[in-house]
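Residue numbers (my numbering), protein chains in the order written: chain U, 1 to 137; chain C, 1001 to 1418.
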Amino acid sequence: MRAVLRAPRGFGPDVEGEVLLSRDTFSARYDMDRETGVISRKGHSLEGMSLVGKIVYFPAVQGGVAGGWAFLKLKGRGIAPAGILFVITNPVMIQGLVLAGIPAMHHLSPDPFTVLKTGDRVRMSPSRGVVELLASA
Amino acid sequence: MELTERERRMREGEHGEASRIAIEQQIAVGEFFEAERLVPVTNVHMMGDTEVMGEGGSAFVESLLAKGAKFCLPVTTNARCVDFERAAAGWQDPDTVAREAALVANLRKLGAMLVDTCINYQTVYQPHFGEHLAWGDTGTVIWANSVVGARTNYEAGPAAIAAGITGVTPSYGYHLDAQRVGKVRFEVRCALEDYADWGALGGIVGRKTLDYWKVPVLAGVSVALGCDELKHFGAALASYGSCAMFHMVGVTPEAGDEAEAFRGGEPEASRVIDDKALAAFYRTYPEDRAEIDVVVFSGPQLSVLEMRKIAELLRGRRVHADTALVVTTNFANHQMASRLGYVQAIEEAGGKVFCGTCWYIMEPARMAAQFGWKNVLTNSAKLANIIGGYRLYPVLRRTEVCVEAAVAGRLPAEGILR
Chain U
1 MRAVLRAPRG FGPDVEGEVL LSRDTFSARY DMDRETGVIS RKGHSLEGMS LVGKIVYFPA
61 VQGGVAGGWA FLKLKGRGIA PAGILFVITN PVMIQGLVLA GIPAMHHLSP DPFTVLKTGD
121 RVRMSPSRGV VELLASA
Chain C
1001 MELTERERRM REGEHGEASR IAIEQQIAVG EFFEAERLVP VTNVHMMGDT EVMGEGGSAF
1061 VESLLAKGAK FCLPVTTNAR CVDFERAAAG WQDPDTVARE AALVANLRKL GAMLVDTCIN
1121 YQTVYQPHFG EHLAWGDTGT VIWANSVVGA RTNYEAGPAA IAAGITGVTP SYGYHLDAQR
1181 VGKVRFEVRC ALEDYADWGA LGGIVGRKTL DYWKVPVLAG VSVALGCDEL KHFGAALASY
1241 GSCAMFHMVG VTPEAGDEAE AFRGGEPEAS RVIDDKALAA FYRTYPEDRA EIDVVVFSGP
1301 QLSVLEMRKI AELLRGRRVH ADTALVVTTN FANHQMASRL GYVQAIEEAG GKVFCGTCWY
1361 IMEPARMAAQ FGWKNVLTNS AKLANIIGGY RLYPVLRRTE VCVEAAVAGR LPAEGILR
């Protein structure tokens, strides 16, 4: 087990899961089907992929206040992501993840694409500020 | 995080379970963004509509009520999905109306003031320089930070509700001096003659900035401008760029000159926005045909001055039989505009004036399907940005062109881009 990403202290308990890496930014209103947790926007690098149970990485976020409630809805339906990683996020996204109790971290370094690939099994530990590689895909 | 005695007691549950939940969330968000403390706020403005909240949000409000939640300071509500008085005219889905009514009843129990407006700063509450707030709607936040010099982050629904219960909010981001420093510079060299031009300018700056944490600085604005121009500019900038603050040199209070806007530092980048750039922005919303199905003046709700402008352009004329014209405003402005005869002028011309709502949350996709609408003409760049996501074709034009098109049922001859 190897710490591959470092970050300031984040939110939530440690979680393990498959990582899903996005080149594109994230908006809860425009990019995701809030009924299913699937990335729905045409041309998004994760188009058609489900966030359910995954540890998802987005470089940045967009959009306004819809993010504040969107994750609670996913959590209530049992289709939430296991955790979300960002380089740059915003208050609305974190307010929504805290409300839903979904772990989150930001200011990750280095660039996750240089050390991880989609499908790798990782553990994110917000309290320790690390993401560890458990098994390569 | 450093907590006061009151906050510690709240966290320990002495103020009840709802307060404990609320402050725990605020502490978690604050610690994430490395806030050192919570700061008292004087006013909360919350998004409380079923479109954005969904069943999860409505259930959350119910659970807080069951735990004894009550707001401890004035909490006002943003525009909502339904105009209850006018919904019966066949414009809105009865299920949506019922869901919204149930949510409204619960928000009232929490102690919310149901003003249902996205222009609270023009009609309900004008904060002062340096005042700490917890405001939700992005257009209201950018107005408070930029135009007034008040201080707030984007407080989405759950965060605004928490602030309403605790009376405080985590002190990070735009509550702090360091975050309010100008980062990127835009030199304005384009003609700005209408609300739509100001919205387009906001859209251009937003598309280039695209970062909550970056404050754009507008230099070179020399035309006289009023609060509705700043409203359209700010709302578009927040919508396209997720920005929460701007400086406009010589206009906004923390930017007497460029040195003050950048706090003596250098901008990361500097760009020029000229007439060509503005024209190019308008062209990013091409119509799919000349016929216009609906003309919308909304997003944000209209001020009395904006309603006057629409009324005067429409007076004595008739909206085309195949075209709808929609205006949204709040209750206060509707009453004022009725006294002044503007509502009557718009309605006599065949327009529809909705209250307490904003068109893009009135289920525009469903409305479009019901009425067979495709082309939506508007003078609001913010609205154009949002409804593009609803499989409608937004077309952005200046206010006068919008009214002319509403009367003619189609866009005017080629060449009139704005």
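The C-beta atom is built at its ideal place from N, Cα and C for all residues, glycine as well.
With distances taken between CB atoms, is the gap from Ile-1273/C to Glu-1187/C smaller than 9 angstroms?
Translated into the one-based positions of the second sequence, residue 1273/C becomes position 273. Translated into the one-based positions of the second sequence, residue 1187/C becomes position 187. Yes, the Cβ-Cβ distance between Ile-1273/C and Glu-1187/C is below 9 angstroms.
Reduced DSSP secondary structure (H/G/I, E/B, other) of Gly-1264/C
Position 264 of the second sequence, counted from the start, is the residue given in the question as residue 1264/C. Coil at Gly-1264/C, not helix or strand.
Which first and last residues belong to the alpha helix (DSSP H) in which Met-1367/C is found?
Residue 1367/C sits at position 367 when you count from the first residue of the second sequence. Its alpha helix (DSSP H) spans residues 1364-1371.
Evaluate contact between the segment 111-127 of chain U and the segment 1083-1094 of chain C, counting only Cβ atoms and requiring at least three cross-stretch pairs below 8 angstroms.
no
Secondary structure of Gln-1092/C, DSSP reduced to three states
Within the second sequence, numbered from 1, the residue matching residue 1092/C stands at position 92. Looking at Gln-1092/C - three-state DSSP - the assignment turns out to be coil, as it is neither helix nor strand.
Answer yes or no: does any C-beta atom of chain U fall closer than 9 angstroms to that of Phe-1422/C?
With chain C represented from 1001 up to 1418, any question about residue 1422/C goes unanswered, as that position is not in the structure.
Residues of chain A with CB closer than 8 angstroms to the CB of Met-1010/C, please, in chain order.
The chain inventory of the structure shown lacks chain A, comprising the protein chains U and C.
One question on the structure: do Thr-36/U and Ser-27/U come within less than 9 angstroms of each other, judged by their Cβ atoms?
As a working note, residue 36/U is residue 36 in the first sequence. As a working note, residue 27/U is residue 27 in the first sequence. Not a contact, by the Cβ cut-off of 9 angstroms.
Would you kindly check if the distance between the Cβ of Gln-1301/C and the Cβ of Ala-1144/C is under 9 angstroms?
Numbered from 1 along the second sequence, position 144 holds the residue referred to as residue 1144/C. Numbered from 1 along the second sequence, position 301 holds the residue referred to as residue 1301/C. Cβ atoms of Ala-1144/C and Gln-1301/C: not closer than 9 angstroms.
Give me the DSSP bridge partner(s) of Val-98/U.
The residue labelled residue 98/U in the question sits at position 98 within the first sequence. Looking at the DSSP assignment, Val-98/U forms no beta bridge with any residue, so it has no partner.
Nearest chain U C-beta to Pro-1158/C closer than 9 angstroms, yes or no?
Position 158 of the second sequence holds residue 1158/C. Closer than 9 angstroms: yes.
Please tell me whether Gly-1157/C and Val-1319/C are closer than 9 angstroms, where the distance is taken between their beta carbons.
As a first step, residue 1157/C is located in the second sequence; it is residue number 157 there, counting from the start. As a first step, residue 1319/C is located in the second sequence; it is residue number 319 there, counting from the start. No, the pair does not count as a contact, with Cβ atoms beyond the cut-off.
CA-CA distance, Ile-1161/C and Thr-1169/C?
Looking up residue 1161/C in the second sequence gives position 161. Looking up residue 1169/C in the second sequence gives position 169. C-alpha separation (whole angstroms): 11 angstroms.
Is the beta carbon of Ala-1236/C sitting closer than 9 angstroms to the one on Gly-1203/C?
Stepping through the second sequence from its first residue, residue 1236/C is reached at position 236. Stepping through the second sequence from its first residue, residue 1203/C is reached at position 203. Against a cut-off of 9 angstroms, the Cβ pair of Gly-1203/C and Ala-1236/C comes out as a contact.
Ile-55/U: first and last residue of the uninterrupted beta strand (DSSP E) it sits in:
Looking up residue 55/U in the first sequence gives position 55. Run containing Ile-55/U: 55-58, per the beta strand (DSSP E) assignment.
Are the C-beta of Gly-48/U and some C-beta of chain C separated by less than 9 angstroms?
Taking the first sequence and counting its residues from 1, one reaches residue 48/U at position 48. No - not a single Cβ of chain C is within 9 angstroms of the one on Gly-48/U.
For the alpha helix (DSSP H) that contains Gly-1241/C, what are its first and last residues?
Taking the second sequence and counting its residues from 1, the one referred to as residue 1241/C is at position 241. Looking at the DSSP string, the run of the alpha helix (DSSP H) that includes Gly-1241/C is 1227-1241.
What residues from the segment 1019-1031 of chain C come within 8 angstroms of chain U, judged by C-beta to C-beta, listed N to C?
Gln-1025, Ala-1028, Val-1029, Glu-1031
Could one say the Cβ of Tyr-30/U lies closer than 9 angstroms to chain C's Cβ atoms, at least one of them?
On the first sequence, position 30 is the one that residue 30/U refers to. For Tyr-30/U, the answer is yes, since a Cβ of chain C falls inside 9 angstroms of its Cβ.
Of all the CB atoms in chain U, is at least one closer than 9 angstroms to the CB of Ser-1298/C?
On the second sequence, residue 1298/C is found 298 positions in, with the first residue counted as 1. Output row for Ser-1298/C: interface = no.
Taking CB distances under 9 angstroms as the criterion, tell me whether Phe-1033/C reaches chain U.
Indexing the second sequence from 1 puts residue 1033/C at position 33. Interface residue, yes.
Shorter than 9 angstroms from the beta carbon of Ile-94/U to some beta carbon of chain C?
For the purposes of this step, residue 94/U is taken as residue 94 along the first sequence, with counting starting at 1. With 9 angstroms as the cut-off, Ile-94/U counts as an interface residue toward chain C.
Could you tell me the distance, in whole angstroms, from the CA atom of Ala-1259/C to the CA atom of Arg-1185/C?
Within the second sequence, residue 1259/C is the residue found at index 259, counting from 1. Within the second sequence, residue 1185/C is the residue found at index 185, counting from 1. So the alpha carbons of these two residues sit roughly 12 angstroms apart.
Kindly indicate which residue of Asn-1333/C, Met-1336/C, Ala-1311/C has the alpha-carbon position closest to the one of Leu-1325/C.
As a working note, residue 1325/C is residue 325 in the second sequence. Considering only alpha carbons, the answer is Ala-1311/C.
Would you say Gly-53/U and Val-92/U are within 9 angstroms of each other, going by their C-beta atoms?
By one-based count along the first sequence, residue 53/U stands at place 53. By one-based count along the first sequence, residue 92/U stands at place 92. Cβ atoms of Gly-53/U and Val-92/U: not closer than 9 angstroms.
Quick check: is the beta carbon of Leu-99/U nearer than 9 angstroms to any beta carbon in chain C?
Residue mapping note: residue 99/U aligns to position 99 of the first sequence, counting from 1. Yes, contact with chain C.
Give the straight-line distance between the Cα atoms of Phe-1233/C and Ala-137/U, rounded to the nearest whole angstrom.
Here residue 1233/C refers to the residue found at position 233 when the second sequence is read from its first residue. Here residue 137/U refers to the residue found at position 137 when the first sequence is read from its first residue. Taking the straight line joining both Cα atoms gives about 47 angstroms.
For Val-56/U, which of Gly-119/U, Val-4/U, Pro-13/U, Leu-134/U has the nearest alpha-carbon?
Within the first sequence, numbered from 1, the residue matching residue 56/U stands at position 56. The residue with the shortest Cα to Cα distance from Val-56/U is Gly-119/U.
Return the first residue and the last residue of the alpha helix (DSSP H) that Met-1307/C is part of.
Translated into positions along the second sequence, residue 1307/C becomes position 307. Element bounds for Met-1307/C: 1304-1314.
Would you say Ala-104/U and Gly-10/U are within 9 angstroms of each other, going by their C-beta atoms?
Indexing the first sequence from 1 puts residue 104/U at position 104. Indexing the first sequence from 1 puts residue 10/U at position 10. Closer than 9 angstroms, so yes.
Determine, for Tyr-1154/C, whether the minimum Cβ-Cβ distance to residues of chain U falls below 9 angstroms.
In the second sequence, residue 1154/C corresponds to position 154, counting from 1. Yes, Tyr-1154/C counts as interfacial toward chain U.
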